[in-house]
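Residue numbers (this note's numbering): 321 to 1044.
#1: When DSSP labels each residue in this structure, what does residue 474 get in the three-state scheme?
#2: Quick test of your reading: residue 673 and residue 749, contact by CB under 8 Å. State the CB separation rounded to the nearest angstrom.
#3: Alpha carbon to alpha carbon, what distance is there between residue 801 and residue 831?
#4: Does DSSP classify residue 645 as helix, strand or coil?
#5: When you compare the region 925-935 with the region 743-762, are there three or more beta-carbon pairs, one atom per stretch, that lie closer than 8 Å?
#6: For residue 611, which residues in the same chain have their Cβ closer than 8 Å to its Cβ, ignoring the five residues on either side in sequence?
#7: By a C-beta neighbour count over all protein chains shown, 10 Å radius and 16 as the cutoff for buried, is residue 553 buried or exposed?
#8: Which of the three DSSP states, helix, strand or coil, is assigned to residue 766?
#9: What number of angstroms, rounded off, separates the C-alpha of residue 900 from the C-alpha of residue 874?
#10: Buried or exposed, going by whether 16 or more other CB atoms sit within 10 Å of the CB of residue 556?
#11: Using 10 angstroms around the beta-carbon of residue 668, count the other beta-carbons present and answer buried if the total reaches 16, otherwise exposed.
#12: Do the region 698-705 and the region 732-747 make contact, defined as three or more Cβ pairs closer than 8 Å?
#13: For residue 526, which of helix, strand or coil comes out of DSSP?
#14: Grab the span of the beta strand (DSSP E) containing residue 613 for me, first residue to last.
#15: State the DSSP-derived secondary structure class of residue 788, mapped to helix, strand or coil.
#16: Pick helix, strand or coil for residue 567, following the three-state DSSP scheme.
#17: Which runs of the alpha helix (DSSP H) at least 4 residues long sit entirely within the region 566-601? Give them in chain order.
#18: Based on Cα-Cα distance, which residue from 571, 753 and 844 lies nearest to residue 789?
#19: So residue 613 and residue 603 are supposed to be a Cβ contact under 8 Å. How far apart are they, rounded?
#20: Taking residue 842 as the reference, which of 476, 498 and 516 has the closest Cα?
#21: Contact defined as beta carbons within less than 8 Å: I believe residue 473 pairs with residue 871. What is the distance between those atoms, to the nearest angstrom?
#22: Thinking just about the alpha-carbon of each residue, which of 892, 904, 896 and 876 is nearest to the one in residue 886?
#23: When the Cβ atoms of the region 851-871 are set against those of the region 653-661, are three or more pairs found closer than 8 Å?
#24: DSSP three-state call for residue 873: helix, strand or coil?
#25: If we count Cβ pairs, one from each stretch, closer than 8 Å, do we get three or more for the region 716-730 versus the region 680-693?
#26: Any contact of the region 500-520 with the region 877-891, i.e. 3+ C-beta pairs under 8 Å?
#27: What are the start and end residues of the alpha helix (DSSP H) that includes residue 553?
#28: Would you be able to state if there are at least three C-beta pairs under 8 Å between the region 704-716 and the region 679-686?
#29: Applying the criterion that 16 or more other CB atoms from any shown protein chain within 10 Å of the CB defines a buried residue, is residue 742 buried or exposed?
#30: Return yes when the Cβ of residue 734 is within less than 8 Å of the Cβ of residue 626, no when it is not.
#31: According to the neighbour-count rule (16 or more other Cβ atoms, all chains shown, within 10 Å of its Cβ), is residue 664 buried or exposed?
#32: Would you kindly check if the distance between the Cβ of residue 762 and the Cβ of residue 846 is under 8 Å?
#33: Does the beta-carbon of residue 732 have 16 or more other beta-carbons within 10 angstroms, so that it is buried, or is it exposed?
#34: Residue 914 to residue 695, Cα distance in whole Å?
#35: Assuming residue 924 is part of the alpha helix (DSSP H), what are its boundary residues?
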């Protein structure tokens, strides 16, 4: 009940405590207060402070207390409003950083949820205050019904039993059916990984690798025939590659090949004028040193990298060249790259592509680069090598490869319809009868993304593009026919008609196998099924089993088989064995991004055609840095003077050198940022896995509290990632 400001009863109660006759002394002056004396000794006792106050003083005390209370409420309201304003600014504007419309929408939505929650909490608090002053209390108002313990327990028991029935009849069956389907896909994909690994072991055991004629490039004499030193075009596509343009151009310009039989094209799509001048200066510098190098810039960046390569191949002088080598801006080939790759075209005129392996200069930079190195080593060591040896087909990696220009032209050239133009041209060339060769022992240095944001965008493009391509090229794959020139591989001149017809049937079977390999293995199994079952099984079904134990997953699905597959993935990079647990969790959490990219590419949703250049840091190995410093010193001391250069050319060169001499700040190494939601999801999956393993042994109760705390942390991390 609300307190009342009535002190008469209290005073009357105190008056009854005295033993003698009270003496009342009344003063004529009304300004003085009335004092009651209970006995002769009471006059000499200390007087309480509250009794020395009159009604006017009591009112002032109450007003001061009310003022302090109102000031406190106002301060709390001001503080709360300031906090909400800061959260609103950080959600929507991210402290002045420009954001996309989608992120703005997410920020406003989250802020609206927070405000609704706050208003609801304040409303509930107000209701509690009103209920207190109205006397709506269990022990003060006898008209209110007080439920007994047995009533509450009975109600909870009924609700719990109803939930168990509903869960067992309606929730568990669809989850169990979906988990069974995903487990079947998981086992099919695991069998594919196991077969690839066994094929790699067989290649290692038999020492199978592409070979070339040892005398093809043995002589160092540059006066060779056109057949031994064909005309090679080298292309370096780049876009705002401020950190890596110099080392890439420097490495390509030092390739050991006759100067009159090689042309280097620097294909710049940069929209920053300062970066354009830096690249022009670098090209002019190497041009003055006698390197046959050209600079091309497009004003409008249509088609991204595919449009850039297509524009470069349309030049008139390209018809004089037989092969084209492509290097992205962060790739640094060795001087003997062309001498190790071009001779493979001599043995077989149907070879259209020779692909080299990637090597990473920053694989030990942080945990993220180590985990990427595991995946990429398995991709090159196992997938690319096995497919190249046994199928003569694999997806072109977009760089560090040499194409026969005739193969590009007969396959339709570069197309701008997807963000994976390298895979697109590889599929069309394969259907056209061209063969591919993969060289695992020829490595080209490059970088892997060091920040999580750059890695996430790269993975989105790598998983969205193949689904775009699958949707576009599926009719062409199904209706494709056997090329005429493939008949020469199976028929012999002057054979009888029966042998000729038999060879035709054999060719048609090979063509059907190519189609099945492209559709079932290359696209469906490795590009669509892998992210689907990984996301559904490990990120949805596995956490749900903590609350729906009727749909329990077996321990071999959530533990033994994934660990075994992870061990197979780490075999090509044995130094990464200590990171097997972070790798397993990180791959499962990254399946969210990969699944999102796969769906957006398959159905053309969101930013499926958006091309974002992967951020580079400009890393180089120590030997490369020392060699570059020595070369720069020699070039400065022995700078050749070309008498044929005019004054205008020299003045233009001086201007470029002046622009290049502008002090450019070195890239600052930033701390790697892994989003909280990925870490929270990884922690959740680990908790669910441990709980499922223990549940298989009959342990259920001990992880209930841990599960609830885990889900709470996930929610807090999702909100904290948006606010911070």
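Cβ coordinates follow ideal geometry from the N, Cα and C atoms, glycine included.
The short version:
#1: Within the chain shown, residue 474 is the residue found at index 154, counting from 1. In the structure shown, residue 474 sits in a helix (DSSP, three-state: H, G or I).
#2: Counting from one through the chain shown, the residue named residue 673 turns up at place 353. Counting from one through the chain shown, the residue named residue 749 turns up at place 429. Correct: roughly 7 Å between the Cβ atoms.
#3: Taking the first residue of the chain shown as position 1, residue 831 is located at position 511. Taking the first residue of the chain shown as position 1, residue 801 is located at position 481. Rounded to whole angstroms, residue 831 and residue 801 show a C-alpha spacing of 8 Å.
#4: The residue you call residue 645 lines up with position 325 of the chain shown. Strand at residue 645.
#5: Contact check between the region 925-935 and the region 743-762: fewer than three CB pairs, one atom from each, fall below 8 Å, which does not count as touching.
#6: One-based indexing of the chain shown puts residue 611 at position 291. Excluding sequence neighbours, residue 611 sits near 573, 579 and 584.
#7: Position 233 of the chain shown, counted from the start, is the residue given in the question as residue 553. Flag for residue 553 reads buried.
#8: One-based indexing of the chain shown puts residue 766 at position 446. Strand.
#9: Within the chain shown, the letter at position 580 stands for residue 900. Within the chain shown, the letter at position 554 stands for residue 874. Rounded to the nearest angstrom, the two C-alpha atoms are 21 Å apart.
#10: As a working mapping, residue 556 is identified with position 236 in the chain shown. Residue environment for residue 556: buried (at least 16 other C-beta atoms within 10 angstroms of its C-beta).
#11: Mapped onto the chain shown, residue 668 falls at position 348. Classification for residue 668: exposed.
#12: Flag = no, the region 698-705 and the region 732-747 do not touch.
#13: Stepping through the chain shown from its first residue, residue 526 is reached at position 206. In the structure shown, residue 526 adopts helical secondary structure according to DSSP, grouped into three states.
#14: Translated into the one-based positions of the chain shown, residue 613 becomes position 293. Unbroken beta strand (DSSP E) run through residue 613: 613-617.
#15: Looking up residue 788 in the chain shown gives position 468. If DSSP states are grouped into helix, strand and coil, residue 788 belongs with the helices.
#16: Mapped onto the chain shown, residue 567 falls at position 247. DSSP, read as helix, strand or coil, puts residue 567 in helix.
#17: The qualifying runs do not exist here; there are none.
#18: Taking the chain shown and counting its residues from 1, one reaches residue 789 at position 469. Closest by alpha carbon: 844.
#19: By one-based count along the chain shown, residue 613 stands at place 293. By one-based count along the chain shown, residue 603 stands at place 283. Indeed, because the Cβ distance is near 6 Å, the residues count as touching under 8 Å.
#20: In the chain shown, counting from the first residue as 1, residue 842 sits at position 522. Looking only at 476, 498 and 516, the smallest Cα-Cα distance to residue 842 is reached by 516.
#21: Taking the chain shown and counting its residues from 1, the one referred to as residue 473 is at position 153. Taking the chain shown and counting its residues from 1, the one referred to as residue 871 is at position 551. No, residue 473 and residue 871 are not in contact; Cβ-Cβ is about 29 Å, not under 8 Å.
#22: Here residue 886 is taken as the residue at index 566 of the chain shown, counted from 1. Of the candidates 892, 904, 896 and 876, the one whose C-alpha sits nearest the C-alpha of residue 886 is 904.
#23: No, because fewer than three Cβ pairs between the region 851-871 and the region 653-661 fall closer than 8 Å, the two stretches do not touch.
#24: As a position in the chain shown, residue 873 is number 553, starting the count at 1. Residue state, collapsed to three classes: coil.
#25: The region 716-730 is not in contact with the region 680-693.
#26: In short, these stretches touch, since the Cβ pair count reaches three.
#27: Counting from one through the chain shown, the residue named residue 553 turns up at place 233. Note, residue 553: premise wrong, no alpha helix (DSSP H); beta strand (DSSP E) at 552-558.
#28: Touching, no, given that fewer than three Cβ pairs across the two stretches are closer than 8 Å.
#29: In the chain shown, the residue the question calls residue 742 occupies position 422. By the 10 Å Cβ count, residue 742 comes out buried.
#30: One-based indexing of the chain shown puts residue 626 at position 306. One-based indexing of the chain shown puts residue 734 at position 414. The answer is yes: Cβ separation under 8 Å.
#31: Counting from 1 along the chain shown, the entry for residue 664 is found at position 344. The residue is buried, with at least 16 neighbouring Cβ atoms inside 10 Å.
#32: Here residue 846 is taken as the residue at index 526 of the chain shown, counted from 1. Here residue 762 is taken as the residue at index 442 of the chain shown, counted from 1. Their beta carbons are not under 8 Å apart, which means residue 846 does not touch residue 762 by this criterion.
#33: Taking the first residue of the chain shown as position 1, residue 732 is located at position 412. That one is exposed.
#34: Locating residue 914 in the chain shown gives position 594, counting from the first residue. Locating residue 695 in the chain shown gives position 375, counting from the first residue. Rounded to whole angstroms, the gap between the alpha carbons of residue 914 and residue 695 is 14 Å.
#35: Residue numbering aside, residue 924 sits at position 604 when the chain shown is read from its first letter. Counting along the chain, residue 924 falls outside any alpha helix (DSSP H), and DSSP gives it neither H nor E.
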